[in-house]
Amino acid sequence: MEKKTRAGDYIISFDTLMLQPVIKDNKIVTRVIERNGEFIIPRKPLHIVRKSCNFYGGSLMNSTNTAKLALGKRHKAPIIIAHDFGIPYIFLPTMSPNAELNAWVSYHAIENIEPHRLNSIIHLDNGRTQQVNVSAMTMYRQFAFAAILEKDFLKKQRQLTRPAPYRDFEDSFND
1079 MEKKTRAGDY IISFDTLMLQ PVIKDNKIVT RVIERNGEFI IPRKPLHIVR
1129 KSCNFYGGSL MNSTNTAKLA LGKRHKAPII IAHDFGIPYI FLPTMSPNAE
1179 LNAWVSYHAI ENIEPHRLNS IIHLDNGRTQ QVNVSAMTMY RQFAFAAILE
1229 KDFLKKQRQL TRPAPYRDFE DSFND
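Quick note on the working numbering: the sequence shown kicks off at 1079 and runs consecutively.
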């Protein structure tokens, strides 16, 4: 698969499966793996995540705080980048989000996680596999936290659509 370099800003979408840091010419750039291809963006993965959160009307800090409310104080918690029609788009970091070599993986794109020596191999839903520099146990943990975050989000969405308790206000005025 040919890797092309794109200039400009990239915004995460439901087709984005993974943001992987790559060292190119002594700089960190991002290999964006999408459902139908991959390319290089001359920005760090964290820049893309931050820009995407802002684009969709939030912020990385707000997404991180929302995750902390659902998961407690967790180091490198998964975050919701955005949501559409009640479907949260969750990305999980492989390391600390501020780490230079942290990769971001879409929770919904993960088909399987496989141990590989001290690292792990992530099987993506487009048939590709990608090795990441963290243990399979860490990736399983991140995946489980993402599932809890999704469950919490969906629970809150149901709260929005619950029937409001009806009170007959006319009776209060007649007292």
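Beta carbons: idealized from backbone N, C-alpha and C, even for Gly.
Identify every run of the beta strand (DSSP E) within the stretch 1169-1241, keeping only runs that are complete inside it and at least 3 residues long; order them along the chain. 1182-1184, 1188-1194, 1197-1202, 1207-1210
Is the separation between the beta-carbon of Ile1106 and that of Glu1178 shorter than 7 Å? Numbered from its first residue, the sequence shown carries residue 1106 at position 28. Numbered from its first residue, the sequence shown carries residue 1178 at position 100. Contact: yes.
Rounded separation between Ala1214 and Pro1241 - CA only: Position 136 of the sequence shown, counting from 1, holds the residue named residue 1214. Position 163 of the sequence shown, counting from 1, holds the residue named residue 1241. Taking the straight line from one Cα to the other gives about 43 Å.
Taking 7 Å as the CB-CB limit, is Leu1095 close to chain D? Annotation note: the requested chain D is absent from the structure, which comprises a single protein chain.
In chain order, what residues of the same chain have a beta carbon less than 6 Å from the beta carbon of Ser1137, not counting five sequence neighbours either side? By one-based count along the sequence shown, residue 1137 stands at place 59. The residues are Cys1131.
Would you kindly report the start and end of the unbroken alpha helix (DSSP H) that includes Ala1148? Taking the first residue of the sequence shown as 1, we reach residue 1148 at position 70. From DSSP, the alpha helix (DSSP H) with Ala1148 extends over 1138-1149.
Under 6 Å: does the beta carbon of Gln1235 sit that close to some heavy atom of the ligand HEM? Ligands in the displayed structure: none, and consequently the ligand HEM is not present.
Give the single residue among Gly1135, Thr1142, Gln1098, Lys1146 whose Cα lies nearest to the Cα of His1161. Residue mapping note: residue 1161 aligns to position 83 of the sequence shown, counting from 1. Per the Cα distances, Gly1135.
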